[in-house]
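Colleague:
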Amino acid sequence: MNRKANLKSTIQALLYILPMLLVIGIFTIYPILKSIDMSFYTRYNIFSGVVEERGIDNFLTIFSDPKFYLALKNTSVYVLWVVPCSLVISLIIAVLLNQIPWIKGFFRTVYFLPFVTSTVAISIVWSWLYHSKYGLMNYFLGFFGIEAMTWLNSPKLAMPAVIIMAIWKGLGFNILLLLVGLGNIDETYYKAAKVDGANGLQRFFRITLPLLRPTLFLLTVVGVINSFKVFDEVFALFGGRPGPAGSATTLVYYLYRKFYEQYDYGMAAATGMVLFGIVLLLTIIQYMGNRYFEKRGG
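Numbering-wise, full-length UniProt numbering puts 30 at position 30 of the sequence shown, and it's gapless, one number per residue.
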């Protein structure tokens, strides 16, 4: 371990990691580069594989397509609701569970089960819950005098239905990581705060939240990335349709239709590049915001 690096040791190290580099190169780097190249295909023969013409027409078509902006709007609404709501609810549940360690393990498993369960199976269950006549959601709303809603057949309720299901499904992953983060906080901080007369809310906002910042930042970044990739929930919940009248179309569903239904590979790849750019930009903004708050807090 203490030997100075030389040509022989460098070559030896590269040979050790060569299998991993080959796998990453073939299954990750090459598809990315191929997708970037494919996004500029304007005339492509699917049978011969010959690219007859390249250009930026795919991007121009996307940015002039009203369906793309509908998909972007729906995806943005999904992200703006799912990520914050899931984090807040998960944080509340995690803090409460952390106060009662003897049942923490049991509830950790209960909350994590939806995360590892098939999205198709979850969607089938939620389609029953959303049933306009016999669904549990409408039965619950009936206690408040609210009339039964056609969750899966109304263009106005399609996205809220997907959002509610997604928040419930993602709680387990967030709670698990937050419980780990809470477990790593030294009890000395809380004891010292109690001695100084800090109440529960003061301890939460002055100790718990600042020390959970790395975990919350991680969950926010992962949540935003996963939310922009939403597809399975929409596809499964509406039986292979993007909601009534396309009201639940997301960016990935828009890409899916271009690729698998319309066989327009150039447009599909261009949509993927636009989605990649949006996610990359938001991730950079989140990273810069986190660095700003760290410096300000320090």
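All C-beta atoms, glycine included, are put in the ideal place defined by N, C-alpha and C.
Output the distance between the C-alpha atoms of VAL54 and THR109, rounded to the nearest integer angstrom.
Modeller: Going by the sequence as given, residue 54 is Arg instead of Val. If you take the alpha carbons of ARG54 and THR109, they lie about 51 angstroms apart.
Colleague: Work out the CA separation of TRP168 and ASP196 for me, nearest whole Å.
Modeller: Whole-angstrom Cα-Cα distance: 38 angstroms.
Colleague: Which value, in whole angstroms, describes the spacing of the CA atoms of GLU294 and ILE207?
Modeller: Between GLU294 and ILE207, the C-alpha separation is close to 14 angstroms.
Colleague: Among TYR190, ARG213 and PHE59, which one has its Cα closest to the Cα of LEU177?
Modeller: Minimum Cα distance to LEU177 is reached at ARG213.
Colleague: Looking at the strands, I want to know which residues DSSP matches up with GLU53.
Modeller: Answer is ARG43, bridged to GLU53.
Colleague: Going by DSSP in three states, ASP264 sits in which element: helix, strand or coil?
Modeller: Three-state result, ASP264: coil.
Colleague: Would you kindly report the start and end of the unbroken alpha helix (DSSP H) that includes PHE27?
Modeller: Where PHE27 is concerned, there is no enclosing alpha helix (DSSP H), given that its DSSP letter is neither H nor E.
Colleague: Which of the three DSSP states is assigned to SER154 in this structure?
Modeller: If DSSP states are grouped into helix, strand and coil, SER154 belongs with coil.
Colleague: Measuring straight from C-alpha to C-alpha, what distance separates THR283 and PHE115?
Modeller: About 23 angstroms.
Colleague: Given ILE62, which residues of its chain have a CB within under 8 angstroms of its CB, disregarding the five upstream and five downstream residues?
Modeller: Excluding residues within five positions, the ones whose Cβ falls inside 8 angstroms are PHE68, MET267, ALA270, THR271 and VAL274.
Colleague: Taking DSSP as the reference, what is the three-state secondary structure of PHE293?
Modeller: Helix at PHE293.
Colleague: Can you confirm whether the stretch 247 to 259 touches the stretch 84 to 91 when touching is taken to mean that 3 or more C-beta pairs between the two stretches lie within less than 8 angstroms?
Modeller: Because the criterion of three Cβ pairs below 8 angstroms is not met, the stretch 84 to 91 and the stretch 247 to 259 do not touch.
Colleague: Expressed to the nearest angstrom, what Euclidean distance is found between the alpha-carbon atoms of ARG203 and ALA121?
Modeller: Between ARG203 and ALA121, the C-alpha separation is close to 41 angstroms.
Colleague: Can you tell me whether PHE27 is buried or exposed, with buried defined as 16 or more other CB within 10 angstroms of its CB?
Modeller: Exposed is the call here.
Colleague: With DSSP collapsed to three states, give me the class of TYR139.
Modeller: Of the three classes helix, strand and coil, the one that applies to TYR139 here is helix, per DSSP.
Colleague: If you follow the alpha helix (DSSP H) that THR75 is part of, which residue opens it and which one closes it?
Modeller: That run of the alpha helix (DSSP H) goes 66 to 98.
Colleague: For ASN74, tell me which candidate among LEU280, PHE231 and THR150 has the shortest Cα-Cα distance.
Modeller: Considering only alpha carbons, the answer is PHE231.
Colleague: Would you mind stating whether TYR41 and TYR265 have Cβ atoms separated by less than 8 angstroms?
Modeller: Cβ distance < 8 angstroms, so TYR41 and TYR265 count as in contact.
Colleague: Okay, do the stretch 15 to 26 and the stretch 228 to 245 touch, 3+ Cβ pairs below 8 angstroms being the bar?
Modeller: Result no; under three Cβ-Cβ pairs closer than 8 angstroms.
Colleague: Taking the runs of the alpha helix (DSSP H) that are 4 residues or longer, which of them lie wholly in the stretch 217 to 248?
Modeller: You should have 232 to 237.
Colleague: In this structure, how does DSSP classify LYS169 when only helix, strand and coil are distinguished?
Modeller: In this structure, LYS169 counts as helix in the three-state DSSP scheme.
Colleague: Let me check understanding here. Comparing Cα to Cα, which of VAL221, ALA245 and GLY240 lies closest to PHE280?
Modeller: Going by the sequence as given, residue 280 is Leu instead of Phe. Considering only alpha carbons, the answer is VAL221.
Colleague: Would you grab the beta carbon distance between LYS127 and LEU237 for me? Rounded to a whole angstrom, and I think it's under 8 angstroms.
Modeller: It is Ser, not Lys, that sits at residue 127 in the sequence shown. That belief holds up - the Cβ atoms of SER127 and LEU237 are roughly 6 angstroms apart, short of 8 angstroms.
Colleague: Alpha carbon to alpha carbon, what distance is there between LEU157 and SER247?
Modeller: Taking the straight line joining both Cα atoms gives about 9 angstroms.
Colleague: One question on the structure: do GLN262 and VAL224 come within less than 8 angstroms of each other, judged by their Cβ atoms?
Modeller: Not in contact: GLN262 and VAL224 (Cβ atoms no closer than 8 angstroms).
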